[in-house]
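Chemist: In order, the protein sequence lines correspond to chains G and C. Each number in the numbering used here corresponds to the 1-based position in the first sequence with 7 added. Each number in the numbering used here corresponds to the 1-based position in the second sequence with 7 added.
There are 2 protein chains.
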Amino acid sequence: MADKPHVLIVGAGAIGSFYGAILKRAGCRVDVVLRSAADTVASDGFAISSPLGDLSFHPDQVHGPEDRAQDAPDYVVCCLKVLPDIDRVAILAPWVGAQTRIVLIENGIDIEPAIADAFPDNLLISCLAFIAVSRVRPGVIEHKAYGRLTIGGWPDGLGDHCRRFGALCEAGGINIEYSEHVVGARWQKSVWNSPFNPLSVLADGADTLTMLDTPGGEALVRAMMAEVMAVAAADGHPMPDSTIDEYIAGTRAMPAYRNSMALDYRNGRPMEIDAILGNVVAIAQRLDVPVPRLETVRVALRIRAANQV
Amino acid sequence: MADKPHVLIVGAGAIGSFYGAILKRAGCRVDVVLRSAADTVASDGFAISSPLGDLSFHPDQVHGPEDRAQDAPDYVVCCLKVLPDIDRVAILAPWVGAQTRIVLIENGIDIEPAIADAFPDNLLISCLAFIAVSRVRPGVIEHKAYGRLTIGGWPDGLGDHCRRFGALCEAGGINIEYSEHVVGARWQKSVWNSPFNPLSVLADGADTLTMLDTPGGEALVRAMMAEVMAVAAADGHPMPDSTIDEYIAGTRAMPAYRNSMALDYRNGRPMEIDAILGNVVAIAQRLDVPVPRLETVRVALRIRAANQV
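1) Which residue's Cα is closest to the Cα of residue 58 of chain C: C:79, C:88, C:181 and C:234?
2) Between the segment 265 to 297 of chain G and chain C, which residues of the former have CB atoms less than 7 Å from a CB of the latter, in chain order?
3) Would you mind reading off the limits of the beta strand (DSSP E) that contains residue 234 of chain C?
4) In terms of residue numbering, what span does the beta strand (DSSP E) encompassing residue 302 of chain C cover?
5) Looking only at its own chain, which residues have a Cβ that is under 8 Å from the Cβ of residue 198 of chain C, when we skip the five neighbours before and after it?
6) Between which two residues does the beta strand (DSSP E) carrying residue 121 of chain C extend?
7) Please check the pair residue 305 of chain C and residue 288 of chain C, which I expect to be a contact at CB under 8 Å, by giving their CB distance rounded to whole angstroms.
8) Using a Cβ-Cβ cut-off of 8 Å, state whether residue 261 of chain G counts as contacting chain C.
9) By Cβ distance, which residues of its chain are closer than 7 Å to residue 225 of chain C, with the 5 residues on each side in sequence left out?
10) Between the alpha carbons of residue 77 of chain C and residue 70 of chain C, how many angstroms are there, rounded?
11) Would you identify the three-state DSSP class for residue 94 of chain C, choosing helix, strand or coil?
12) Note down the Cα distance separating residue 21 of chain C from residue 302 of chain G, rounded to an integer number of angstroms.
13) Name the two residues that bound the continuous alpha helix (DSSP H) containing residue 23 of chain C.
14) Using three-state DSSP, classify residue 141 of chain G as helix, strand or coil.
15) Where does residue 311 of chain G land, buried or exposed, given buried means 16+ other C-beta within 10 angstroms?
16) Check each residue of the segment 228 to 246 of chain C: if its Cβ is closer than 7 Å to any Cβ of chain G, include it; give the result in chain order.
17) Counting only beta-carbon separations shorter than 8 Å, does residue 314 of chain G have a partner in chain C?
18) Any beta carbon of chain A sitting closer than 8 Å to that of residue 224 of chain C?
19) Could you give the C-beta distance for residue 161 of chain C and residue 133 of chain C, rounded to a whole number, given that I count them as a contact under 8 Å?
20) Taking DSSP's pairing of strands, which residues face residue 86 of chain C in a bridge?
21) Is residue 75 of chain C near residue 101 of chain C, with beta carbons less than 8 Å apart?
22) In angstroms, rounded to a whole number, what distance separates the CA positions of residue 258 of chain G and residue 139 of chain G?
23) Out of curiosity, what's the CA-to-CA distance linking residue 14 of chain C and residue 112 of chain C?
24) For residue 274 of chain C, count neighbouring Cβ atoms within 10 angstroms of its own Cβ and tell me buried if that reaches 16, exposed if not.
25) In terms of residues, what are the limits of the beta strand (DSSP E) holding residue 208 of chain C?
26) Say whether chain C places a C-beta atom closer than 8 Å to the C-beta of residue 310 of chain G.
27) Whose C-beta lies closer than 6 Å to the C-beta of residue 2 of chain G among residues of the same chain, with five residues either side of it excluded?
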């Protein structure tokens, strides 16, 4: 690896643009691959407002999806949506060299195996982003709050490659939490996401407090959280019983909040149903854990998505 | 009772206007109580197109909600929506005389006790309508198909009062099915309504075939039907196991269909959440029957309604 690490961001929506800016601030060479608006970004760069200051930057190179790598980057950072009709492996393949580390900054459960299977000889770093950021229009990003990454090797452990990538992010100005068990960390996040994200969509974009304060709402959220925790425990990632109380209290302490799935829905964008919820139900079925509430919500969401087309 | 039975329709929306027309065709005196548009209906009558022919008619009297009865009718036919903020007892009270039979043509489970408790000395006739009818605008009704009533005494049995009212409806041109166990008939209808109505709303107005054909959709509908049947059995109204297969086959044999709750939702009208689904869950809780899917859908609907305001 050269003194100046070479990073390629694949999928520069809100998340990718933000972490690209962070790595640029850390002194990396930052290239991007964009599906759309490559010309705009090539000429104007990214405009990123943030509580951290003005994070606007010009990528060193802007690639369209048909371009091919001249020199393989040190890190390919995948910030793609996890959707059935996005072939992440095919999109990443042209850019992954023998020494390239693959970094996933993506939502959901069980999203790593497809990548690990396709690139078995590359180190894989799995990251969870805790961030409120949105794309105002192509190339224009509004970072509202947070930004912490939880970083771990996949399927577990924490090699030097994880620490080095984390150090770059810290140098760029964000907080890092390392996890020896990143899959467990994903399950923890899933305990929150699995009820709140889909229920919000079914309720036409209801915020967290509306969900909790509707009669029966908090009880349903708690029951769905318990279902996720039962699946996680069966999958080898038990959590303390106090988790649910802590999540509910934490959510009530935050301002009313609309999650990314609700925002995707309201903006007519496809929803990460499988990554957020479907994979939880699939694992539950494989491990024979009953999840009637999660399954109900998953199917209702699917019907809704089918009716949206 | 006079030779010409005196009927008062309370709540002359689509359902009330249609059955008012039927009873008018049967030779009854038909008065109506309207919450709105009383002036329009008083001058123009109801315009009702129907496969049965032109059912348009002028009511003998049109009352506003503040009017009071001159002479008590033989039948008060209640076609009100069953909603928390509609006080059916208060609306009916001014019109119910000592000899008045109260007829309910309303959707849902457990909708009779409030009326029976308030008018303990009046005969109560409970009817289920199988009909596709909608209000185009005040006073203008489009009857599309069906129209059959299932009629029974409440809580059970079939007195002469039921047969006489049914004979009037038949004389007006619709089919009647008598039931000694009208509560059981309501449970049977609930087996269909409890999954299809709320799921359609959660999916933004999906039709029956979209619901069944989405992956996992038919399985969820079947599981919800089984939950309703378990509650019905615990409440003393068992159904044969074949019921679910028959409902699914019947629904698949019909054209894709949007139910009344979905139409209410799409038109910004309040939904009969409690009558259709909430009362099923309440009875399940009282009888200790687990209904996780029904409860999930009920709460999701409530959150949605809370978010709609």
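Glycine included, every Cβ here is placed at the ideal spot set by N, Cα and C.
Modeler: Short version:
1) C:181
2) none
3) Run containing residue 234 of chain C: none in the beta strand (DSSP E); it sits in the alpha helix (DSSP H), 224 to 241.
4) Per DSSP, residue 302 of chain C belongs to no beta strand (DSSP E); it is in the alpha helix (DSSP H), 299 to 315.
5) 232, 235, 236, 239, 246, 250, 251 and 254
6) Counting along the chain, residue 121 of chain C falls outside any beta strand (DSSP E), though it belongs to the alpha helix (DSSP H) covering 120 to 125.
7) 5 Å
8) no
9) 219 and 255
10) Going by the C-alpha atoms only, they are around 11 Å apart.
11) coil
12) Note on geometry: alpha-carbon atoms of residue 21 of chain C and residue 302 of chain G lie some 36 Å from one another.
13) 21 to 32
14) strand
15) buried
16) If the cut-off is 7 Å between Cβ atoms, the segment 228 to 246 of chain C has nothing near chain G.
17) yes
18) Protein chains in the displayed structure are G and C, and chain A is not among them.
19) 4 Å
20) DSSP links residue 86 of chain C through a beta bridge to no other residue.
21) Yes. Within cutoff.
22) 15 Å
23) 13 Å
24) exposed
25) Residue 208 of chain C -> not in any beta strand (DSSP E); alpha helix (DSSP H) instead, spanning 189 to 209.
26) yes
27) As shown, chain G starts at 8 and ends at 316. That puts residue 2 of chain G outside it, with no answer to give.
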